[in-house]
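Colleague:
Protein chains: 2
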Amino acid sequence: MHSSEVRRYMRSIGQAAQTAARTLARASSAQRNAALLAIAERLQRERRRLKEANECDQEAGRAGGLEPALLERLGLNDDRIDGMAEGLRQIAALPDPIGAVRDLHVRPSGIQVGRMRVPLGVIGIIYEARPNVTADAAGLCLKSANAAILRGGSEAIHSNQAIADCIRYALAESDLPREAVQVVEITDRDAVGELITMDEYLDVLVPRGGKGLVERLLREATVPMIKHLDGVCHVYIDDQADEEKAIRIAINAKTQRYGTCNTMESLLIAEGIAPRLLPRLVDLYQQAGVELRGCERTRALASAVQPATEADWETEYLAPILSIRVVADLDSAIEHIERYGSHHTDSIVTENYTRAWRFLREVDSSSVMVNASTRFADGFEYGLGAEIGISTDKLHARGPVGLEGLTTEKYLVLGDGHIRA
Amino acid sequence: MHSSEVRRYMRSIGQAAQTAARTLARASSAQRNAALLAIAERLQRERRRLKEANECDQEAGRAGGLEPALLERLGLNDDRIDGMAEGLRQIAALPDPIGAVRDLHVRPSGIQVGRMRVPLGVIGIIYEARPNVTADAAGLCLKSANAAILRGGSEAIHSNQAIADCIRYALAESDLPREAVQVVEITDRDAVGELITMDEYLDVLVPRGGKGLVERLLREATVPMIKHLDGVCHVYIDDQADEEKAIRIAINAKTQRYGTCNTMESLLIAEGIAPRLLPRLVDLYQQAGVELRGCERTRALASAVQPATEADWETEYLAPILSIRVVADLDSAIEHIERYGSHHTDSIVTENYTRAWRFLREVDSSSVMVNASTRFADGFEYGLGAEIGISTDKLHARGPVGLEGLTTEKYLVLGDGHIRA
Numbered sequence: 000m001h002s003s004e005v006r007r008y009m010r011s012i013g014q015a016a017q018t019a020a021r022t023l024a025r026a027s028s029a030q031r032n033a034a035l036l037a038i039a040e041r042l043q044r045e046r047r048r049l050k051e052a053n054e055c056d057q058e059a060g061r062a063g064g065l066e067p068a069l070l071e072r073l074g075l076n077d078d079r080i081d082g083m084a085e086g087l088r089q090i091a092a093l094p095d096p097i098g099a100v101r102d103l104h105v106r107p108s109g110i111q112v113g114r115m116r117v118p119l120g121v122i123g124i125i126y127e128a129r130p131n132v133t134a135d136a137a138g139l140c141l142k143s144a145n146a147a148i149l150r151g152g153s154e155a156i157h158s159n160q161a162i163a164d165c166i167r168y169a170l171a172e173s174d175l176p177r178e179a180v181q182v183v184e185i186t187d188r189d190a191v192g193e194l195i196t197m198d199e200y201l202d203v204l205v206p207r208g209g210k211g212l213v214e215r216l217l218r219e220a221t222v223p224m225i226k227h228l229d230g231v232c233h234v235y236i237d238d239q240a241d242e243e244k245a246i247r248i249a250i251n252a253k254t255q256r257y258g259t260c261n262t263m264e265s266l267l268i269a270e271g272i273a274p275r276l277l278p279r280l281v282d283l284y285q286q287a288g289v290e291l292r293g294c295e296r297t298r299a300l301a302s303a304v305q306p307a308t309e310a311d312w313e314t315e316y317l318a319p320i321l322s323i324r325v326v327a328d329l330d331s332a333i334e335h336i337e338r339y340g341s342h343h344t345d346s347i348v349t350e351n352y353t354r355a356w357r358f359l360r361e362v363d364s365s366s367v368m369v370n371a372s373t374r375f376a377d378g379f380e381y382g383l384g385a386e387i388g389i390s391t392d393k394l395h396a397r398g399p400v401g402l403e404g405l406t407t408e409k410y411l412v413l414g415d416g417h418i419r420a
Numbered sequence: 000m001h002s003s004e005v006r007r008y009m010r011s012i013g014q015a016a017q018t019a020a021r022t023l024a025r026a027s028s029a030q031r032n033a034a035l036l037a038i039a040e041r042l043q044r045e046r047r048r049l050k051e052a053n054e055c056d057q058e059a060g061r062a063g064g065l066e067p068a069l070l071e072r073l074g075l076n077d078d079r080i081d082g083m084a085e086g087l088r089q090i091a092a093l094p095d096p097i098g099a100v101r102d103l104h105v106r107p108s109g110i111q112v113g114r115m116r117v118p119l120g121v122i123g124i125i126y127e128a129r130p131n132v133t134a135d136a137a138g139l140c141l142k143s144a145n146a147a148i149l150r151g152g153s154e155a156i157h158s159n160q161a162i163a164d165c166i167r168y169a170l171a172e173s174d175l176p177r178e179a180v181q182v183v184e185i186t187d188r189d190a191v192g193e194l195i196t197m198d199e200y201l202d203v204l205v206p207r208g209g210k211g212l213v214e215r216l217l218r219e220a221t222v223p224m225i226k227h228l229d230g231v232c233h234v235y236i237d238d239q240a241d242e243e244k245a246i247r248i249a250i251n252a253k254t255q256r257y258g259t260c261n262t263m264e265s266l267l268i269a270e271g272i273a274p275r276l277l278p279r280l281v282d283l284y285q286q287a288g289v290e291l292r293g294c295e296r297t298r299a300l301a302s303a304v305q306p307a308t309e310a311d312w313e314t315e316y317l318a319p320i321l322s323i324r325v326v327a328d329l330d331s332a333i334e335h336i337e338r339y340g341s342h343h344t345d346s347i348v349t350e351n352y353t354r355a356w357r358f359l360r361e362v363d364s365s366s367v368m369v370n371a372s373t374r375f376a377d378g379f380e381y382g383l384g385a386e387i388g389i390s391t392d393k394l395h396a397r398g399p400v401g402l403e404g405l406t407t408e409k410y411l412v413l414g415d416g417h418i419r420a
């Protein structure tokens with residue numbers, strides 16, 4: 000497609016989304032939930048079509064030499080289709096975030112002032128191979144009464160379009176505008192460039208993909224973003240830690256899953272406890288197949304540890320690799336975290352009350368923990384009911400983002416003919 | 000100064016602010032309040048120096064042909080110095096927004112999860128002639144435990160530096176880092192360009208100036224902003240309005256002050272009530288010296304009204320000018336507001352319960368009101384205790400922004416050796 004056509008196409012999508020957003024904002028909770036359930040049903044009823052469309056994508060992927068890991072993510076089988084439907088039903092069952100009024104109170108002037116939670120408007124979501132994100136993202140946006148523009152990866156285009164057909168059908172069935180959820184149907188790279196700069200139509204962008212995508216958006220997007228960068232997470236074992244808790248947490252934070260952003264990448268251990276604890280930990284990590292890279296003091300205590308370079312301290316391995324550093328005390332641990340960390344999730348293991356609270360207060364990360372595994376940093380574990388992603392930003396939404404992150408509040412003022420004196 | 004020197008200078012300020020921010024985040028509430036009171040005292044003690052410095056600015060302004068309105072804003076007399084000190088004392092007396100933990104609750108996994116309010120970090124504030132903003136902005140940032148980089152207008156440079164000296168002295172006296180509040184001491188235009196792109200040091204920018212400034216920042220800034228664009232505010236008088244309330248509100252919303260962003264710029268009036276109400280309103284506006292521009296139906300009811308053009312409906316006059324339109328009903332009023340408004344503040348006058356709530360729900364503005372003057376849209380009137388500005392953004396802070404807008408929340412997780420299953 001010529002770039003001016005891409006532009007025209009994308010802008011028509013943006014405009015339609017904005018109109019749909021107004022209708023959605025007025026739709027009742029019951030109507031939005033009914034649409035979510037209708038989509039779930041439609042997806043399951045159309046499972047043959049979905050699998051056929053997915054087969055097209057898979058074939059093209061195999062022919063194009065797509066990596067096995069990506070091919071695996073791309074796959075839609077009965078389990079995954081039922082999973083999408085189940086996810087939508089769970090979203091429907093969550094409390095409605097929209098319309099709640101809080102803190103309505105009378106001011107000295109006589110007016111009542113409060114705040115009402117309302118949708119943001121139009122949300123753009125950019126993602127990669129997994130077609131199930133199409134249903135998931137559509138569900139989160141609908142529940143929060145936002146119109147969605149979904150831009151999936153070109154490798155999943157047939158699957159995404161088949162899912163989009165189900166969504167459109169179910170929306171129409173529920174008397175909601177079909178444009179409430181739009182899947183971008185062209186694969187031109189220009190389409191992303193257009194989407195991320197349509198700030199007159201979009202209220203927020205949620206990139207759900209690798210760091211490369213987020214970095215491109217940081218350079219080019221004019222629409223504000225809820226975004227996730229690195230997860231360089233730490234566990235600091237204080238010299239007043241309970242040793243069994245420390246070992247349990249340090250092993251779980253690294254080995255429970257390697258590829259997640261809340262996995263520990265660097266272990267800090269106080270010099271007072273390192274001689275007792277490090278050899279045991281190193282054994283356990285080695286049994287689990289974790290490659291260890293440490294500072295000199297770590298290596299003096301455990302010779303199996305390879306030397307760490309400066310780059311190790313700021314690396315998100317997303318793999319069975321761990322960097323280990325012996326530090327003097329809490330202050331050195333906090334200093335290390337501030338310098339090398341990514342402000343995502345950091346945990347202290349200690350029995351000392353004052354140090355626990357100092358860590359909670361002074362570590363500037365989206366999740367700070369005491370005596371718990373960093374792996375808990377997750378919308379479901381925190382009770383948000385759903386997760387759009389984990390934000391490493393400070394403004395608007397920080398840490399795991401639930402439906403509330405897709406909403407905003409406006410002020411209500413109730414008067415009885417009140418005027419300003 | 001050469002642009003590479005400007006860059007070096009600005010980056011050294013950014014770095015110093017970031018270091019100071021960490022110290023500030025750990026400072027106690029008492030220490031931050033003591034600093035605020037010390038600044039207030041210092042400003043009053045140094046009033047002669049402040050007035051001398053201000054005289055330099057005034058002279059330069061007169062010599063350079065600065066407009067009388069700007070010269071007036073630039074002035075620092077005893078009243079204004081006492082006003083700055085009083086403002087700081089009021090900020091000191093406000094509750095500390097920092098450190099509050101909310102919603103700490105036990106999850107099924109056994110961990111306790113809650114949220115703690117914390118400073119954003121480093122805040123850049125860009126403003127124009129008024130030197131009192133230097134003290135005001137410094138006070139709001141210190142209270143919220145943020146480091147501040149203040150960039151005032153070049154026309155107030157001597158006054159701002161004299162105020163900065165007082166702040167530095169008081170910070171040192173209170174054992175807080177002098178770099179907690181830095182006033183940019185160079186007037187090069189490049190300095191702003193540097194400041195607004197130092198996203199590795201700054202967490203947020205607050206432009207406090209005209210639309211031109213905000214538009215420049217929208218194009219060039221990479222640091223996120225809390226910003227204010229237009230205030231095209233409406234009052235809609237429904238045909239079920241109480242006539243006396245309607246007149247009181249419509250007059251107050253326009254004439255109480257002309258130059259403020261929450262002043263009504265367009266009056267919408269239902270056709271059912273216009274014949275009775277419009278002639279009375281037109282009389283009152285004319286007595287107040289307000290120039291009226293209306294649609295044809297308005298002019299048919301009040302011949303003194305000039306014709307409005309399409310441009311009038313989207314103009315923020317900030318002057319004794321009002322556009323008036325007769326509309327069919329609530330739906331047409333909402334449609335007009337959505338199309339021409341700026342999503343700032345809009346008010347309905349009605350006795351009808353259902354229409355009142357429809358207006359509150361459906362109008363997508365940062366403040367929506369029933370039977371109250373738009374002039375109430377203000378941080379002090381809403382009980383925020385302080386106001387950084389009024390945000391027309393939807394993300395992070397919307398509407399009048401108090402100290403909370405300069406903070407964020409992080410998640411706390413308290414465990415007892417908990418690991419993820």
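Residue numbers (numbering that gives the first Met the number 0), protein chains in the order written: chain A, 0 to 420; chain B, 0 to 420. The beta carbon of each residue, even a glycine, is placed where N, CA and C say it ideally should be.
1. Interface residues of chain A around residue 115/B at Cβ under 9 Å?
2. Which of the residues in the stretch 203 to 221 of chain B, read from start to end, lie with their CB under 7 Å from any CB of chain A?
3. Would you say residue 285/A touches the ligand SAH, meaning its beta carbon is less than 7 Å from a heavy atom?
4. Please compile the residues from chain A whose C-beta is within a distance smaller than 8 Å of the C-beta of residue 364/B.
5. Hey, how far is the Cα of residue 68/A from the Cα of residue 388/A?
6. Work out the CA separation of residue 408/A and residue 100/B for me, nearest whole Å.
7. Whose CA, out of 232/B, 283/B, 400/B and 412/B, lies closest to the CA of residue 243/B?
8. Just to confirm my understanding: we take residue 379/A, look at its own chain, exclude 5 residues before and 5 after, and list those with CB closer than 7 Å. What are they?
9. Applying the 10 Å Cβ sphere with the 16-neighbour rule, what's the burial state of residue 364/B?
10. Determine the contact status of residue 118/A and residue 19/A, defining contact as a CB-CB distance below 8 Å.
11. Going by CA-CA distance only, name the one from 248/B, 133/B, 26/B and 141/B that's closest to residue 261/B.
12. Please state if the CB of residue 130/A and the CB of residue 425/A are separated by a distance shorter than 8 Å.
13. Going by DSSP in three states, residue 223/B sits in which element: helix, strand or coil?
14. Which of the three DSSP states, helix, strand or coil, is assigned to residue 0/A?
15. For residue 308/A, count the other beta carbons within 10 Å of its own beta carbon; 16 or more makes it buried, fewer makes it exposed. Which is it?
16. Whose Cβ in chain A lies nearer than 7 Å to the Cβ of residue 229/B?
17. Taking the alpha carbon of residue 124/B as the point to measure from, which residue in 368/B, 144/B, 151/B and 301/B has its own alpha carbon closest?
18. Please decide whether residue 417/A counts as near chain B, where near means a Cβ-Cβ distance under 8 Å.
19. Can the beta-carbon of residue 24/A be found closer than 8 Å to that of residue 144/A?
20. Considering only the alpha carbon of each residue, which of 403/B, 165/B, 104/B and 9/B lies closest to residue 381/A?
21. Enumerate in chain order the residues of its own chain whose CB-to-CB distance from residue 49/A is below 8 Å, with the five nearest sequence positions on each side excluded.
22. If you follow the beta strand (DSSP E) that residue 350/A is in, where does it begin and where does it stop?
23. Looking only at DSSP bridge pairs, what is residue 263/B linked to?
24. Distance cutoff 8 Å, beta carbons only. Does residue 14/B sit that close to anything in chain A?
25. At 3 residues or longer, what runs of the beta strand (DSSP E) sit wholly inside the stretch 321 to 398 of chain B?
26. Apply the 10 Å Cβ neighbour rule to residue 57/A and answer buried if 16 or more other Cβ atoms are within range, or exposed otherwise.
27. Can you pull the chain B neighbours of residue 110/A, defined as C-beta to C-beta under 7 Å?
28. Is the stretch 352 to 363 of chain B in contact with the stretch 394 to 403 of chain B, if contact means three or more CB pairs nearer than 8 Å?
29. Helix, strand or coil for residue 410/A per DSSP?
30. For residue 367/A, which residues of its own chain have a beta-carbon under 7 Å away from its beta-carbon, when the five flanking residues on both sides are left out?
31. How far does the beta strand (DSSP E) with residue 123/B in it reach, from first residue to last?
32. Is the shortest distance between the beta-carbon of residue 200/B and the beta-carbons of chain A less than 8 Å?
33. If you follow the alpha helix (DSSP H) that residue 202/A is part of, which residue opens it and which one closes it?
34. Note down, in chain order, all residues in the stretch 235 to 253 of chain A with a beta-carbon under 9 Å from any beta-carbon belonging to chain B.
35. May I ask which residues mark the beginning and end of the alpha helix (DSSP H) holding residue 191/A?
36. Hey, quick one: how far does the beta strand (DSSP E) through residue 291/B stretch, first residue to last?
Modeller: Let's see:
1. The residue given as residue 115/B occupies position 116 in the second sequence. The contacting residues are 359, 360 and 367.
2. 203
3. Because no ligand of any kind appears in the structure shown, any question about the ligand SAH cannot be addressed here.
4. What you label residue 364/B is simply residue 365 of the second sequence in a count that begins at 1. Those are 409, listed as they occur along chain A.
5. Position 69 of the first sequence holds residue 68/A. Position 389 of the first sequence holds residue 388/A. Residue 68/A and residue 388/A: Cα-Cα distance of roughly 21 Å.
6. The residue you call residue 100/B lines up with position 101 of the second sequence. The residue you call residue 408/A lines up with position 409 of the first sequence. Straight-line Cα distance between these residues: approximately 21 Å.
7. To locate residue 243/B, count along the second sequence from 1; it is residue 244. Nearest option by C-alpha distance: 283/B.
8. Reading the first sequence from its first residue, position 380 is the one you call residue 379/A. These residues qualify, in order along the chain: 386.
9. For the purposes of this step, residue 364/B is taken as residue 365 along the second sequence, with counting starting at 1. Buried, since its Cβ has 16 or more Cβ neighbours within 10 Å.
10. The count along the first sequence starts at 1 and reaches residue 118/A at position 119. The count along the first sequence starts at 1 and reaches residue 19/A at position 20. Result no, Cβ atoms of residue 118/A and residue 19/A do not sit closer than 8 Å.
11. Walking along the second sequence from the start, residue 261/B turns up at place 262. Considering only alpha carbons, the answer is 248/B.
12. The requested residue 425/A does not occur in the structure, where chain A is confined to residues 0 to 420.
13. Taking the first residue of the second sequence as 1, we reach residue 223/B at position 224. It is coil, neither helix nor strand.
14. Working through the first sequence from its first residue, we reach residue 0/A at position 1. It is coil, neither helix nor strand.
15. By 1-based counting over the first sequence, the position of residue 308/A is 309. The residue is exposed, with fewer than 16 neighbouring Cβ atoms inside 10 Å.
16. Translated into positions along the second sequence, residue 229/B becomes position 230. Ordered by position in chain A, no residue passes the 7 Å Cβ test against residue 229/B, which lies about 14 Å from the chain.
17. Position 125 of the second sequence, counting from 1, holds the residue named residue 124/B. Nearest C-alpha to residue 124/B: 151/B.
18. Counting from one through the first sequence, the residue named residue 417/A turns up at place 418. Closer than 8 Å to some Cβ of chain B, the Cβ of residue 417/A qualifies, so yes.
19. Sequence index remark: in the first sequence, residue 24/A carries index 25 (1-based). Sequence index remark: in the first sequence, residue 144/A carries index 145 (1-based). Result yes, Cβ atoms of residue 24/A and residue 144/A sit closer than 8 Å.
20. Locating residue 381/A in the first sequence gives position 382, where the first residue counts as 1. The candidate whose alpha carbon is nearest that of residue 381/A is 104/B.
21. One-based indexing of the first sequence puts residue 49/A at position 50. Once the five neighbours on either side are set aside, the close Cβ partners of residue 49/A are 42, 75, 80, 158, 161, 162 and 165.
22. To locate residue 350/A, count along the first sequence from 1; it is residue 351. No beta strand (DSSP E) contains residue 350/A, which DSSP labels as neither H nor E.
23. Residue 263/B sits at position 264 when you count from the first residue of the second sequence. 232/B.
24. Taking the second sequence and counting its residues from 1, one reaches residue 14/B at position 15. Output row for residue 14/B: interface = no.
25. 344 to 348, 366 to 371 and 388 to 390
26. Taking the first residue of the first sequence as position 1, residue 57/A is located at position 58. By the 10 Å Cβ count, residue 57/A comes out buried.
27. Numbered from 1 along the first sequence, position 111 holds the residue referred to as residue 110/A. Near residue 110/A (Cβ distances below 7 Å), the residues of chain B are 371 and 375.
28. no
29. The residue you call residue 410/A lines up with position 411 of the first sequence. Looking at residue 410/A - three-state DSSP - the assignment turns out to be strand.
30. Position 368 of the first sequence, counted from the first residue, corresponds to residue 367/A. 345, 358 and 359.
31. Taking the second sequence and counting its residues from 1, one reaches residue 123/B at position 124. Unbroken beta strand (DSSP E) run through residue 123/B: 121 to 126.
32. The count along the second sequence starts at 1 and reaches residue 200/B at position 201. Residue 200/B does not count as touching chain A.
33. Against the first sequence, residue 202/A aligns to sequence position 203. Residue 202/A -> no alpha helix (DSSP H), and no H or E assigned at all.
34. 241, 243, 244, 245, 247, 248, 250, 251 and 252
35. Within the first sequence, the letter at position 192 stands for residue 191/A. Run containing residue 191/A: 188 to 194, per the alpha helix (DSSP H) assignment.
36. If you number the second sequence from 1, residue 291/B lands on position 292. 290 to 293 is the span of the beta strand (DSSP E), which, as asked, contains residue 291/B.
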